[in-house]
Amino acid sequence: MADGGGERPEVSRSRLYDYLENADPDDKVGQAPRDSVEAPSPGPLTGAVISPTSVAPSPGSTDDVARARREFAALLGEFRRTAVLVPLDEDEAPLAGDYGGIRWIYAFSDESALARFAMARGEGSREWEYRRVLGARLLDAGVRATGVPTGVALDVGSDGDGVLFPPVTGIVPDAAAVDTETADGEESQ
Numbered sequence: 001m002a003d004g005g006g007e008r009p010e011v012s013r014s015r016l017y018d019y020l021e022n023a024d025p026d027d028k029v030g031q032a033p034r035d036s037v038e039a040p041s042p043g044p045l046t047g048a049v050i051s052p053t054s055v056a057p058s059p060g061s062t063d064d065v066a067r068a069r070r071e072f073a074a075l076l077g078e079f080r081r082t083a084v085l086v087p088l089d090e091d092e093a094p095l096a097g098d099y100g101g102i103r104w105i106y107a108f109s110d111e112s113a114l115a116r117f118a119m120a121r122g123e124g125s126r127e128w129e130y131r132r133v134l135g136a137r138l139l140d141a142g143v144r145a146t147g148v149p150t151g152v153a154l155d156v157g158s159d160g161d162g163v164l165f166p167p168v169t170g171i172v173p174d175a176a177a178v179d180t181e182t183a184d185g186e187e188s189q
C-alpha cells in the first residue's frame with residue numbers, strides 16, 4: 001500500500017539484478033555466482049585478468065616492456081577466441097560511447113560484468129538486450145563497420161578489471177587502424 005491509501009503500481013525488475021545479487025563479492029572477475037547450480041564455464045576470459053599495470057608498464061627496462069607486450073598479446077588472443085556479450089541500443093546496434101576521438105564498442109565477459117555496467121549507469125532496472133559475439137568478429141568486422149576510429153572496451157565498470165582494445169595495427173584490421181600510413185606516406189586519421 002502506498003502512503004496515500006492507494007496501491008503502489010508494481011515496478012518490473014530487470015534480470016540484471018539477479019546476476020548482480022548472485023555475484024560473489026570476493027570474486028574480482030565476477031565469474032562465480034554464489035547460489036548457482038551450474039559451475040561457471042571455464043572460458044579463457046574467466047581466469048586471471050591481466051592487471052592494468054602489467055599491460056601498461058612504467059618506464060623501465062626493455063624486459064618489462066617485452067613482458068607486457070607478450071601478456072597483452074596473450075590476452076588479445078584469448079579475447080579473439082571468446083564469445084563476449086555486446087549490449088544493443090534502441091536501434092539494435094552495438095552500444096558504444098565516444099571518448100578521446102575514438103568510438104568504443106562495449107563488450108562484457110559475462111552477465112555479472114554487464115550488470116555492474118548497467119548499475120553504474122543507473123539503468124539496472126531496465127531489460128538489456130545483448131548478443132553473443134566472437135571477439136575476433138567484433139574486432140575484425142564490427143570495428144570496420146562503424147566507419148570511424150573504433151576500439152572495443154571490455155568489462156567497462158568492473159573496478160579496474162576492464163581492458164581496452166584500441167584501433168591500432170595488430171589489434172584491428174589495418175584498414176581500420178589509426179596508426180597505419182596511407183599510400184602517400186601520411187598517417188591515416
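Residues 1 to 189 in the UniProt record's numbering are what the sequence shown lists, from first letter to last.
Quick reminder that beta carbons are idealized off the backbone N, C-alpha and C, glycines included.
Under a 10 Å Cβ-count criterion, Leu-88 is classified as exposed, with fewer than 16 other Cβ atoms of the shown protein chains found around its own Cβ.
Taken through DSSP and simplified to helix, strand or coil, Arg-121 comes out as coil.
Take Glu-129, set aside five residues on each side of it, and the residues of its chain with a beta-carbon closer than 6 Å to its own are Leu-88, in chain order. A distance below 7 Å between beta-carbons, with the five flanking residues on each side excluded, links Val-148 to the following residues of its chain, in chain order: Arg-103. For Phe-79, no beta strand (DSSP E) segment is defined; the enclosing uninterrupted segment is the alpha helix (DSSP H) at 62-81.
Residue state for Val-168 is assigned as coil, using DSSP reduced to three classes. The C-alpha of Ala-96 lies about 35 Å from the C-alpha of Thr-62. Three or more beta-carbon pairs drawn from the stretch 72-87 and the stretch 118-138 are found closer than 8 Å, and the two stretches are therefore classed as touching. When the Cα atoms are used, Leu-138 and Leu-154 turn out to be separated by approximately 11 Å.
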